[in-house]
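There are 2 protein chains.
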Amino acid sequence: MKYPEGVKKNYVHTNISHRNRGMTLEADLNVTNDYYLKQKKANIHKKPTPIKLVKVEYNIIKEAYFKEPSTTDYNGIYKGKYLDFEAKETINKTYFPLNNIHAHQIEHLRSIMEMGGIGFLIIRFTTLNETYLLKGESLLLFLSTKKTNMPYNYIKENGYLISDKYIPRVDYLQVIDQIMEEKNEKKN
Amino acid sequence: MKYPEGVKKNYVHTNISHRNRGMTLEADLNVTNDYYLKQKKANIHKKPTPIKLVKVEYNIIKEAYFKEPSTTDYNGIYKGKYLDFEAKETINKTYFPLNNIHAHQIEHLRSIMEMGGIGFLIIRFTTLNETYLLKGESLLLFLSTKKTNMPYNYIKENGYLISDKYIPRVDYLQVIDQIMEEKNEKKN
Numbered sequence: 003m004k005y006p007e008g009v010k011k012n013y014v015h016t017n018i019s020h021r022n023r024g025m026t027l028e029a030d031l032n033v034t035n036d037y038y039l040k041q042k043k044a045n046i047h048k049k050p051t052p053i054k055l056v057k058v059e060y061n062i063i064k065e066a067y068f069k070e071p072s073t074t075d076y077n078g079i080y081k082g083k084y085l086d087f088e089a090k091e092t093i094n095k096t097y098f099p100l101n102n103i104h105a106h107q108i109e110h111l112r113s114i115m116e117m118g119g120i121g122f123l124i125i126r127f128t129t130l131n132e133t134y135l136l137k138g139e140s141l142l143l144f145l146s147t148k149k150t151n152m153p154y155n156y157i158k159e160n161g162y163l164i165s166d167k168y169i170p171r172v173d174y175l176q177v178i179d180q181i182m183e184e185k186n187e188k189k190n
Numbered sequence: 003m004k005y006p007e008g009v010k011k012n013y014v015h016t017n018i019s020h021r022n023r024g025m026t027l028e029a030d031l032n033v034t035n036d037y038y039l040k041q042k043k044a045n046i047h048k049k050p051t052p053i054k055l056v057k058v059e060y061n062i063i064k065e066a067y068f069k070e071p072s073t074t075d076y077n078g079i080y081k082g083k084y085l086d087f088e089a090k091e092t093i094n095k096t097y098f099p100l101n102n103i104h105a106h107q108i109e110h111l112r113s114i115m116e117m118g119g120i121g122f123l124i125i126r127f128t129t130l131n132e133t134y135l136l137k138g139e140s141l142l143l144f145l146s147t148k149k150t151n152m153p154y155n156y157i158k159e160n161g162y163l164i165s166d167k168y169i170p171r172v173d174y175l176q177v178i179d180q181i182m183e184e185k186n187e188k189k190n
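Residue numbers (my numbering), protein chains in the order written: chain E, 3 to 190; chain F, 3 to 190.
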């Protein structure tokens, strides 16, 4: 479970200790999306975490629960196209565990692609310090094998390595440009 | 402030009493969007309300606050196009108070339109039982007058009345089809 910065955590899940090593993927994507917006290049946002409110007193939430999201976390518009993706990081070096992505989110990505949108994953191997963009098509192809862990090599071979920069930090739109070009070449 | 159903409200704002009269616009849009999704017509969702978490104990939120949204509430894809809108209802009969829409949300709609997306408002006059779709262009045009209340007549003349149906309840994509046709006619 992710907690934004500044949250008092009485219960800290042990597998989030790697966060202290540097910026999280979420934080990197936030500054990247802010940069894209200021440059008038794209308008892409992270959706707020869905919450089930139970008790609210004088506009202060006193009891609420995290809900499972029914869509991916990020969507927006780039070059007139609808973009939609989920971003995940893993400390594993040899595979990405697919239970990180909920069934709803996979169905959502499938639906987006059927409707002509660009659906994808951004996967960071934190230990290797490598971030990949994996097209929705490659995700669905792998899921058809019914395997629960996606090997690092599958992502390395079928995904696109996102170069690590200072500004913008995770320049995934550079990869989207490449994908759009490849699609145009196929058409012609 | 809107509370989802089932929330214990210790503080009830007086202007939400009209909600008891029938379905709210938000609920109507939720069932409409569910219908569109099931029909594979469009994939449009309401974003969760942004929350600032302060205290979380064993995955239960014990203290949190509502944050002002930086985007509109609804976005998604229809016929390959990026759609983005805000939905509001008012009990006024003669005007729609523009302080219902935050400055951030207006800038967001402006940005979406500049990038080739379709941005609009859905406004319901609950007392009149009339729901209108107002194009982002008509909103920005009115805002340039610096007036704070948008007259009902402006919306009636420049907006599109959304017909009240059983299924889907608020068929706003019918209006979007009309707007897309008008745009194509202008091009030709």
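Built from N, CA and C at the ideal position, the CB exists for glycine as well. Note that the coordinates shown come from a computational prediction; the quantities given were computed from them, not determined experimentally.
From the DSSP output, in three-state form, read off F:LEU91 for me.
Sequence inspection shows Glu at residue 91 of chain F; the Leu mentioned does not correspond to that position. It is a strand residue.
So, with DSSP's three-state summary, where would you put E:HIS110?
Looking at E:HIS110 - three-state DSSP - the assignment turns out to be helix.
Could you list the residues in the stretch 109–134 of chain E with a C-beta less than 8 Å from some C-beta on chain F, going in chain order?
Against chain F - using a Cβ distance shorter than 8 Å - the residues of the stretch 109–134 of chain E are HIS110, SER113, ILE114, GLU116, MET117, GLY118 and GLY119.
Taking beta-carbon pairs under 9 Å, can you tell me which members of the stretch 150–181 of chain F lie near chain E?
Contact annotation: in the stretch 150–181 of chain F, no residue has its CB less than 9 Å from a CB in chain E.
Answer with yes or no whether the minimum CB distance from E:TYR84 to chain F is below 7 Å.
Taking Cβ atoms only, chain F reaches closer than 7 Å to E:TYR84, which makes this a yes.
For chain F, is any of its Cβ atoms less than 7 Å away from the one on E:PRO99?
Using beta-carbon distances, E:PRO99 does not count as an interface residue toward chain F, since no partner is under 7 Å.
Would you mind telling me which residues of chain E sit closer than 8 Å to F:PHE68, beta carbon to beta carbon, in chain order?
What F:PHE68 touches in chain E: ASN61 and ILE63.
Alpha carbon to alpha carbon, how far is F:ASN101 from F:LYS148? Give it in angstroms, no decimals.
Here the alpha carbon of F:LYS148 sits roughly 12 Å from the alpha carbon of F:ASN101.
Determine the DSSP secondary structure at F:GLU59, reduced to helix, strand or coil.
In the structure shown, F:GLU59 sits in a strand (DSSP, three-state: E or B).
Do the stretch 49–57 of chain E and the stretch 108–118 of chain E make contact, defined as three or more Cβ pairs closer than 8 Å?
No: fewer than three Cβ pairs fall under 8 Å.
Would you decide whether F:ILE46 is buried or exposed? Buried here means 16 or more other CB atoms lie within 10 Å of its CB.
It is buried - the Cβ of F:ILE46 has at least 16 other Cβ atoms within 10 Å.
Tell me whether E:LYS167 sits in a helix, a strand or coil according to DSSP, three-state version.
Correct three-state label for E:LYS167: coil.
Which residues in chain E sit within 8 Å of F:ILE53, going by Cβ to Cβ distance?
At a C-beta separation below 8 Å, F:ILE53 has these neighbours in chain E: PRO50, THR51, ILE53, ILE63 and ALA66.
Could you check what DSSP says for E:HIS15 in three-state terms: helix, strand or coil?
Bear in mind that the predicted position of E:HIS15 carries a pLDDT of just 38, short of 50, making it unreliable; the figure below should be weighed with that in mind. Coil.
Do F:LEU135 and F:TYR174 have their C-beta atoms closer together than 7 Å?
Against a cut-off of 7 Å, the Cβ pair of F:TYR174 and F:LEU135 comes out as a contact.
How big is the Cα-Cα spacing for E:THR96 and E:ILE157?
Cα-Cα distance, rounded: 10 Å.
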